[in-house]
Amino acid sequence: MKLSQLAETLIGSEIVKLGNAISERVRNGEKIYNFTIGDFDPNIFPIPKELEDEIIKAYKNHYTNYPPADGIVELRSAVSSFLKDWEGLDYASNEILIASGGRPLIYTIFKTIVDEGDKVIYATPSWNNNHYVHMTEGVHCKIEATPENNFMPLASDIAPHIAGATLICLCSPQNPTGTTLQKDELAKICDLVLEENKKRGDNEKKLYVMYDQMYWTLTYASTVHYNPVSLRAEMKEYTVFVDGISKAFAATGVRVGWSLGPAFIINKMKAILSHLGAWAPMAEQKATANFLHQKESIQKYLTHFKSEVEERLRKIFEGFIDLKNSGFAVDAVSPQAAIYLTVKFELTGKKTNNGKVLEKQSDVTDYLLSEGKLAVVPFYAFGADKESPWYRLSVGTCKKEEINEMFGKLEEALNKLY
Ligand SMILES: Cc1ncc(COP(=O)(O)O)c(C=O)c1O
6 MKLSQLAETL IGSEIVKLGN AISERVRNGE KIYNFTIGDF DPNIFPIPKE LEDEIIKAYK
66 NHYTNYPPAD GIVELRSAVS SFLKDWEGLD YASNEILIAS GGRPLIYTIF KTIVDEGDKV
126 IYATPSWNNN HYVHMTEGVH CKIEATPENN FMPLASDIAP HIAGATLICL CSPQNPTGTT
186 LQKDELAKIC DLVLEENKKR GDNEKKLYVM YDQMYWTLTY ASTVHYNPVS LRAEMKEYTV
246 FVDGISKAFA ATGVRVGWSL GPAFIINKMK AILSHLGAWA PMAEQKATAN FLHQKESIQK
306 YLTHFKSEVE ERLRKIFEGF IDLKNSGFAV DAVSPQAAIY LTVKFELTGK KTNNGKVLEK
366 QSDVTDYLLS EGKLAVVPFY AFGADKESPW YRLSVGTCKK EEINEMFGKL EEALNKLY
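Laid out in structure tokens, this is it:
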């Protein structure tokens, strides 16, 4: 049956396809080191106990009715204080919108700003921008980011495309790369946006930045998180943030996210969101509001959580560098943030021990899965070139004791290639 143009042309998710292949193997009894999931195993990374207690308390207090369309005022004001205290951002309650996680906010930002045919600039690899541009019938303006820049876009990459653009999607720390925008580069991007907007007339649509900082609390070692508004105050007029508790508190299934932006945009987003009904549940809003004020608990939680994630990222990074130093055609980018590591398998052209040549990158992905029992997501799934040898490795479900085992299997599989 013929359905809508949108439904008929949706871009299939490569991650879902890979997930099915993994499930099939697991069903057949194979042990797979599955590092494809951009989520947390709650047995390894539970949500903060204080947040859990607050959620239970809220349900016991029967907070089960509809929340207000923009979120309960206690939560908007808790988000406002939290971001002031922890990130130095100044947003009033009427510049904050609550929703059930980051996704409905991103969709709503697109629906609020982007018309059919509008140019949307985003880097590849990046998480899901291609889908949102498709769903709003925008024009994709993809910037291929390079390993030399830790797969983050540069201002000079964006500059040639900025005339006539409607939205720039930036994400830092970035999914899938686990890397961040550098201060100078982000400042240069902000200057481009400000300069462009000065040229536009009062009746013209301005150029906006969607700044997805879902992972901003998860930075490691000397990595610092920057945002457009702290670097250039004038950017407040043109920036809409996407943020929430999904990654900061390993609370992906709790479904509380927030956007910050100019009140006139937030108001329109609220109106659109009210038709979607994608609000965060009332009880979770109450609970998150109470939790965000508990500074000591948050600090304690983040210190432990971050050190556990970082330890896994570092161990796996070092393992890849050891393999590289032993002459294998692999590589990795030093982890900076989030729960992801960027790794490389440059194995096309090699032969397996039954004489089959790994002709395409998808053969490499299959070989890693079948022989190495290792599942990672090709950057191709994030809009990069089909033949890109780079992959996302997520540690959200990684048990520490599996790391050595995984490297043992991987080295065995690499050794079989010639
Ligand atoms: C960069 C980024 N932004 C937003 C989201 C969406 O988060 P949520 O689970 O709150 O919808 C994700 C989820 O993976 C993400 O990686």
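Note that my numbering has the sequence shown beginning at 6, numbered continuously upward. By construction, the Cβ of each residue, glycine as well, lies at the ideal position given by its N, Cα and C atoms. The model shown is predicted, which means the values in this text are computed figures rather than measured ones.
Subject >> Boundaries (first-last residue) of the beta strand (DSSP E) holding Asp336 >> reply: Here residue 336 corresponds to residue number 331 of the sequence shown, with the count starting at 1. Residues Val335 to Ala337.
Subject >> Bridge partner(s) assigned by DSSP for Thr129 >> reply: Start at 1 with the first residue of the sequence shown, and residue 129 comes out as number 124. Bridge pairing for Thr129: Glu149 [DSSP].
**OP:** Sort Tyr396, Gly249, Ser264 and Asn202 by Cα distance to Leu379 and report the nearest one.
**Re:** Counting from one through the sequence shown, the residue named residue 379 turns up at place 374. With distances taken between Cα atoms, Leu379 lies closest to Tyr396.
Original post:
Where do the N-terminal and C-terminal ends of the beta strand (DSSP E) with Arg108 fall, by residue?
Top reply: Counted from its first residue, the sequence shown places residue 108 at position 103. For Arg108, there is no enclosing beta strand (DSSP E); the residue is part of the alpha helix (DSSP H) that begins and ends at Gly107 to Ile118.
**OP:** Would you list, in sequence order, the uninterrupted alpha helix (DSSP H) runs of no fewer than 4 residues that lie entirely inside the region 67 to 102?
**Re:** The DSSP assignment places complete alpha helix (DSSP H) segments of no fewer than 4 residues inside the region 67 to 102 at 78 to 92, in order along the chain.
**OP:** Could you spell out the range, first to last residue, of the alpha helix (DSSP H) harbouring Ala249?
**Re:** The residue you call residue 249 lines up with position 244 of the sequence shown. First, the residue type needs correcting, since residue 249 is Gly and not Ala in the sequence shown. Counting along the chain, Gly249 falls outside any alpha helix (DSSP H), though it belongs to the beta strand (DSSP E) covering Thr244 to Gly249.
Subject >> Distance, Lys203 Cα to Val381 Cα >> reply: Taking the first residue of the sequence shown as 1, we reach residue 381 at position 376. Taking the first residue of the sequence shown as 1, we reach residue 203 at position 198. About 44 Å.
Subject >> Selection from Leu223, Thr224, Arg317 and Lys241 that minimises the alpha carbon distance to Asp196 >> reply: Taking the first residue of the sequence shown as position 1, residue 196 is located at position 191. Ranking the options by Cα distance to Asp196, first place goes to Lys241.
Original post:
Which residues bound the alpha helix (DSSP H) around Ile303?
Top reply: Reading the sequence shown from its first residue, position 298 is the one you call residue 303. Element bounds for Ile303: Lys300 to Asn330.
**OP:** Output the distance between the C-alpha atoms of Leu175 and Val125, rounded to the nearest integer angstrom.
**Re:** The residue given as residue 175 occupies position 170 in the sequence shown. The residue given as residue 125 occupies position 120 in the sequence shown. Between Leu175 and Val125, the C-alpha separation is close to 11 Å.
Original post:
What are the boundary residues of the alpha helix (DSSP H) that Cys174 is part of?
Top reply: For the purposes of this step, residue 174 is identified with residue 169 of the sequence shown, where counting begins at 1. In the DSSP assignment, Cys174 falls outside any alpha helix (DSSP H) and lies within the beta strand (DSSP E) extending over Ala170 to Cys176.
Subject >> Assigned exposure category for Asn48 - 16 Cβ within 10 Å defines buried >> reply: For the purposes of this step, residue 48 is taken as residue 43 along the sequence shown, with counting starting at 1. Per the 10 Å Cβ criterion, exposed.
Original post:
Phe412 lies in the alpha helix (DSSP H); which residues open and close that run?
Top reply: In the sequence shown, counting from the first residue as 1, residue 412 sits at position 407. Counting along the chain, the unbroken alpha helix (DSSP H) around Phe412 starts and ends at Glu407 to Asn420.
**OP:** Taking the CB atoms as reference points, tell me whether Ala256 and Phe310 lie closer together than 9 Å.
**Re:** Mapped onto the sequence shown, residue 256 falls at position 251. Mapped onto the sequence shown, residue 310 falls at position 305. Not closer than 9 Å, so no.
**OP:** Note down, in chain order, each residue of its chain lying with its Cβ closer than 6 Å to the Cβ of His230, except the 5 sequence neighbours on either side.
**Re:** On the sequence shown, residue 230 is found 225 positions in, with the first residue counted as 1. Cβ neighbours of His230 beyond the five flanking positions: Trp221 and Thr224.
Subject >> Spatially closest choice to Lys421 from Met215, Leu398, Val362 and Lys405, by CA coordinates >> reply: Indexing the sequence shown from 1 puts residue 421 at position 416. Taking the Cα of Lys421 as reference, the smallest distance to any Cα among Met215, Leu398, Val362 and Lys405 is reached at Val362.
**OP:** Go ahead and label Ile16 buried or exposed: buried means 16 or more other beta carbons lie within 10 angstroms of its beta carbon, across all protein chains shown.
**Re:** Here residue 16 is taken as the residue at index 11 of the sequence shown, counted from 1. By the 10 Å Cβ count, Ile16 comes out exposed.
Subject >> Contact belief for Asn154 with Thr182 at Cβ below 8 Å, rounded distance in angstroms >> reply: Reading the sequence shown from its first residue, position 149 is the one you call residue 154. Reading the sequence shown from its first residue, position 177 is the one you call residue 182. Incorrect: roughly 10 Å between the Cβ atoms, too far for contact.
Subject >> Sequence-distant residues of the same chain with beta carbon closer than 7 Å to Pro233, five excluded per side >> reply: For the purposes of this step, residue 233 is identified with residue 228 of the sequence shown, where counting begins at 1. Same-chain partners within the cutoff: Leu191, Cys195, Val214, Tyr216, Met240 and Thr244.
**OP:** Tell me whether Asn180 counts as near ligand 1, meaning its Cβ is closer than 8 Å to at least one heavy atom of that ligand.
**Re:** Locating residue 180 in the sequence shown gives position 175, where the first residue counts as 1. Yes, the Cβ of Asn180 comes within 8 Å of a heavy atom of ligand 1.
Original post:
Can you find a C-beta in chain C that's less than 9 Å from the C-beta of Phe87?
Top reply: Included in the structure is just one protein chain, with no chain C present.
Subject >> Reduced DSSP secondary structure (H/G/I, E/B, other) of Thr257 >> reply: In the sequence shown, the residue the question calls residue 257 occupies position 252. DSSP places Thr257 in coil when its eight states are reduced to three.
**OP:** Measure from the alpha carbon of Tyr38 to the alpha carbon of each residue in Ala389, Leu373 and Asn135, then state which is nearest.
**Re:** Counted from its first residue, the sequence shown places residue 38 at position 33. The option with the nearest alpha carbon to Tyr38 is Leu373.
**OP:** Mark Phe296 as exposed unless 16 or more other C-beta atoms lie within 10 angstroms of its C-beta, in which case mark it buried.
**Re:** For this step, residue 296 is matched to residue 291 along the sequence shown. Around the beta carbon of Phe296, 16 or more other beta carbons sit within 10 angstroms, so the residue counts as buried.
Original post:
What is the rounded straight-line gap between the Cα of Glu100 and the Cα of Val259?
Top reply: For the purposes of this step, residue 100 is taken as residue 95 along the sequence shown, with counting starting at 1. For the purposes of this step, residue 259 is taken as residue 254 along the sequence shown, with counting starting at 1. The straight-line gap from Cα to Cα measures roughly 23 Å.
Original post:
Measuring from the CB of Trp284, is there a heavy atom of ligand 1 at a distance below 8 Å?
Top reply: Position 279 of the sequence shown, counting from 1, holds the residue named residue 284. Within 8 Å of the C-beta of Trp284 there is not a single heavy atom belonging to ligand 1.
**OP:** Let me know if Val31 comes out buried or exposed under the rule of 16 or more other beta-carbons within 10 Å of its beta-carbon.
**Re:** Taking the sequence shown and counting its residues from 1, one reaches residue 31 at position 26. An exposed status is given to Val31, since fewer than 16 other beta-carbon atoms sit within 10 Å of its beta-carbon.
Original post:
Three or more beta-carbon pairs under 8 Å between the region 385 to 396 and the region 363 to 370, yes or no?
Top reply: Output reads yes: the region 363 to 370 touches the region 385 to 396.
Original post:
Can you tell which of Glu142, Val400 and Phe333 has its C-alpha closest to the C-alpha of Leu10?
Top reply: Locating residue 10 in the sequence shown gives position 5, counting from the first residue. Per the sequence shown, the amino acid found at residue 10 is Gln instead of Leu. Cα-wise, what sits closest to Gln10 is Glu142.
Original post:
Using a Cβ-Cβ cut-off of 7 Å (strictly less than) and excluding sequence neighbours within five positions of Glu55, which residues of its own chain qualify?
Top reply: On the sequence shown, position 50 is the one that residue 55 refers to. Excluding residues up to 5 positions away in sequence, Phe296, Gln299 and Ser302 lie with their Cβ nearer than 7 Å to the Cβ of Glu55 in the same chain.
Subject >> Separation of Lys210 from Val119, as counted between CA atoms >> reply: Numbered from its first residue, the sequence shown carries residue 119 at position 114. Numbered from its first residue, the sequence shown carries residue 210 at position 205. One C-alpha to the other measures close to 10 Å.
Original post:
If we ignore side chains and look at the alpha-carbon of each, how far apart do Arg81 and Lys356 end up?
Top reply: Taking the sequence shown and counting its residues from 1, the one referred to as residue 81 is at position 76. Taking the sequence shown and counting its residues from 1, the one referred to as residue 356 is at position 351. Spanning the two alpha carbons is a distance of roughly 57 Å.
Subject >> Delimiting residues of the alpha helix (DSSP H) encompassing Leu11 >> reply: In the sequence shown, the residue the question calls residue 11 occupies position 6. Leu11 -> alpha helix (DSSP H) spans Gln10 to Thr14.
Subject >> Same chain, Cβ closer than 7 Å to Gly34, five either side skipped, listed in chain order >> reply: By one-based count along the sequence shown, residue 34 stands at place 29. For Gly34, where only same-chain residues beyond five positions count, there are no Cβ hits under 7 Å.
Original post:
CB Glu59 to CB Lys291, shorter than 9 Å?
Top reply: Numbered from 1 along the sequence shown, position 54 holds the residue referred to as residue 59. Numbered from 1 along the sequence shown, position 286 holds the residue referred to as residue 291. Cβ distance < 9 Å, so Glu59 and Lys291 count as in contact.
Original post:
Is the Cβ-Cβ distance between Leu23 and Thr370 less than 9 Å?
Top reply: Numbered from its first residue, the sequence shown carries residue 23 at position 18. Numbered from its first residue, the sequence shown carries residue 370 at position 365. Cβ atoms of Leu23 and Thr370: closer than 9 Å.
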